[in-house]
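A short worksheet on the structure shown next.
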Amino acid sequence: MPLPQPAEQDNTLSELLKLINRQLTEKGLKVEKASAAVVDATIIQTAGSKQRQTIEVDEEGQISGQTTPSKDSDARWIKKNGLYKLGYKQHTRTDAEGYIEKLHITPANANECKHLSPLLEGLPEGTTVYADKGYDSAENRQHLKEHQLLDGIMRKACRNRPLTEA
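For the sequence shown, counting from 1, position 24 maps to 24 in UniProt numbering; every step adds exactly one.
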């Protein structure tokens, strides 16, 4: 049986989340229209991906030099807290109560900035979007403005320009 393509998986997961959230709302366990959305990403390691030796990873998340090949050809390496991890990045949007509303899976080395807009689809105007500084970019702030969403993205300091309190 062939595996579903990533787009099909995203659709299936999206439909499943809609069904679960609708049932939670009908049972009175979830607020139908939340005033805030929280976006974050987490690393999902593949089985057997623990770092066992010193390795070097290029900008594409591929290993440089000799290593044992991974059985998962779509997974990528990322350095987190000084350790290399092989896997995927799960980008998640939850409501203010923590209920998952949208998920998006990418290779672990994917830049978070480029994966905010798919998570915001279907949010009502006036919703505040909270996200960590991994999602901080001019494009994302423009996207929020164009869709009349309120900006709660943490700011990143720039080299030689520290953040101010304002």
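In this text, a Cβ means the ideal position worked out from N, Cα and C, and glycines have one as well.
In this text, all values refer to a predicted model and were calculated from it rather than measured experimentally.
Counting along the chain, where does the alpha helix (DSSP H) carrying residue i start and finish?
i: Lys145; result: Ala138 to Glu146
Classify residue i as helix, strand or coil using the three-state DSSP reduction.
i: Gly98; result: coil
i: Arg76; result: strand
i: Lys30; result: coil
i: Arg22; result: helix
i: Asp151; result: strand
i: Lys71; result: coil
i: Lys89; result: strand
i: Thr127; result: coil
State the CB to CB distance for the pair residue i and residue j, rounded to an integer number of angstroms; the pair is presumed to be in contact (CB under 8 Å).
i: residue 191; j: Gly82; result: Outside the shown range of the chain, which is 1 to 166, sits residue 191, and nothing can be said about it.
i: His143; j: Leu116; result: 7 Å
i: Val129; j: Leu149; result: 5 Å
i: Arg93; j: Ala37; result: 5 Å
i: Ala131; j: Ser35; result: Ala131 to Ser35, Cβ: 16 Å. No contact.
i: Ile78; j: Lys71; result: That pair is no contact at about 18 Å.
Please return the same chain residues whose Cβ sits closer than 6 Å to the Cβ of residue i, not counting the five positions on each side in sequence.
i: Lys156; result: Lys133 and Asp136
i: Pro4; result: No answer about Pro4 holds up, because its pLDDT of 48 lies below 50 and its placement is not dependable.
i: Cys158; result: none
Just to confirm my understanding: we take residue i, look at its own chain, exclude 5 residues before and 5 after, and list those with CB closer than 8 Å. What are they?
i: Pro107; result: Gly61, Asp74, Ala75, Arg76, Tyr88 and Lys89
Span of the beta strand (DSSP E) holding residue i?
i: Ala120; result: One detail in the question is off: residue 120 reads as Leu in this sequence, not Ala. Per DSSP, Leu120 belongs to no beta strand (DSSP E); it is in the alpha helix (DSSP H), Ser117 to Leu120.
i: Tyr135; result: Note, Tyr135: premise wrong, no beta strand (DSSP E); not H, not E.
i: Thr123; result: Reading off the sequence, residue 123 comes out as Leu, not Thr. Per DSSP, Leu123 belongs to no beta strand (DSSP E) and is neither H nor E.
i: Ala36; result: Ala36 to Gln45
Using a Cβ-Cβ cut-off of 7 Å (strictly less than) and excluding sequence neighbours within five positions of residue i, which residues of its own chain qualify?
i: Ile44; result: Gly87, Tyr88 and Gln90
i: Tyr99; result: Asn21, Leu24 and Lys30
Name, in chain order, the residues that DSSP records as bridge partners for residue i.
i: Thr106; result: Lys89
i: Leu17; result: Answer by DSSP bridge pairing: none, since Leu17 is not bridged.
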